[in-house]
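A short write-up of the structure that comes next.
In our numbering, the protein residues as written are 32 to 299.
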């Protein structure tokens, strides 16, 4: 299983986070459970000039479950906590594995195939900015203060122009060596041409398949003329499944969990 050591340089953690698309990585402490580094936590360190730091600073508190957790139990915990990853611990509190959102969502594919509802009812209306809003530092501060992982930039007619995520900012930091905080915020953003989007009215099952194929956890929903209608996230779909999954749905399996994607990266 992949667990970060506290002497890992920040740049290596960011490279792993961006390269794998995991979005969250656990650390181990002397008592077995450390914390979880998320994209937001890493971005906060970068914002405050800790580019040469080791990762022994503050981390997001972990959400833990017993190693014998069943699918429905894990689904409920994700829905209630909005966690990026669950750490599975044994009877003495040692971390033995982890479950991330895509691992859980993969189990829902067969059931979600029956859901033909348009995704519109699940999407959230995001806070939007114009492309001339402030500078990169101000936008990052707003993202961190509001715990927002994605900011859409729109024109005067509400058409999506750019999409800026915490992952995009970390990728830019790796490529540029530093982030210039007084530059325009869209310098690190993606345009719609390089972005996975969802058309308004797309069926929920198709949206989840698109997320799984593209290894993304949130996508903008666009109407006519590229107008931004909302944002749909994987955790929204997991929360919906937690409320509507029939009790008779057979989703538990022998052994219950395949090795997580976290286990496929490296071992420390």
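All residues carry an ideal CB built from backbone N, CA and C; glycine is no exception. Here the structure is a predicted model, which is why all the values come from computation and not from measurement.
**Integer-rounded CB distance, given that residue 94 should sit under 8 Å from residue 73** = At roughly 18 Å, the Cβ-Cβ gap does not stay under 8 Å, so residue 73 and residue 94 are not in contact.
**Boundaries (first-last residue) of the alpha helix (DSSP H) holding residue 207** = 197-207
**Prompt:** With a CB to CB cut of under 7 Å and the five nearest residues on each side skipped, what residues in its chain are close to residue 182?
**Reply:** 160, 170, 174, 195
**Cβ-Cβ separation, residue 229 to residue 252 (assumed contact under 8 Å), whole Å** = 5 Å
**Item:** Delimiting residues of the alpha helix (DSSP H) encompassing residue 78
**Value:** 70-78
**Request:** Output the distance between the C-alpha atoms of residue 294 and residue 128, rounded to the nearest integer angstrom.
**Result:** In this prediction, residue 294 has a pLDDT of 42, which is less than 50 and means its spatial position is unreliable; nothing more can be read from the coordinates.
**Prompt:** By the 10 Å Cβ neighbour count, where 16 or more other Cβ atoms means buried, how is residue 162 classified, buried or exposed?
**Reply:** exposed
**Item:** Given residue 156 as reference, the closest of 261, 265, 269, 49 once Cα atoms are compared
**Value:** 261
**Contact check, residue 150 vs residue 266, beta carbons under 8 Å** = no
**Request:** Take the Cβ of residue 207 as the centre, count every other Cβ of all protein chains shown within 10 Å, and call the residue buried at 16 or more, exposed below.
**Result:** exposed
**Request:** Under 7 Å Cβ to Cβ from residue 221, same chain only, skipping five residues before and after it: list those, please.
**Result:** 193, 194, 199
**Message:** Going by beta-carbon coordinates alone, are residue 166 and residue 202 separated by less than 8 Å?
**Reply:** no
**Request:** Using DSSP bridges, identify the partner residues of residue 119.
**Result:** 96, 128
**Request:** Could you have a look at residue 215 and say whether DSSP puts it in helix, strand or coil?
**Result:** coil
**Request:** Kindly give me the distance between the Cβ atoms of residue 191 and residue 239, rounded to whole angstroms, as I take these residues to be in contact under 8 Å.
**Result:** Actually they do not touch by this definition, with Cβ atoms about 21 Å apart.
**Asked** Candidates 67, 66, 75: which alpha carbon is nearest residue 172's?
**Response** 75
**Message:** residue 70 and residue 197 - do their beta-carbons sit closer together than 8 Å?
**Reply:** yes
**Message:** Please return the same chain residues whose Cβ sits closer than 6 Å to the Cβ of residue 247, not counting the five positions on each side in sequence.
**Reply:** 227
**Request:** Within the same chain, show all residues whose beta-carbon is closer than 7 Å to that of residue 66, passing over the 5 residues directly before and after it, in chain order.
**Result:** 58, 90, 91, 92, 93
**Asked** Apart from the five residues just before and just after residue 271, which ones in its own chain have a Cβ nearer than 7 Å to its Cβ?
**Response** 153
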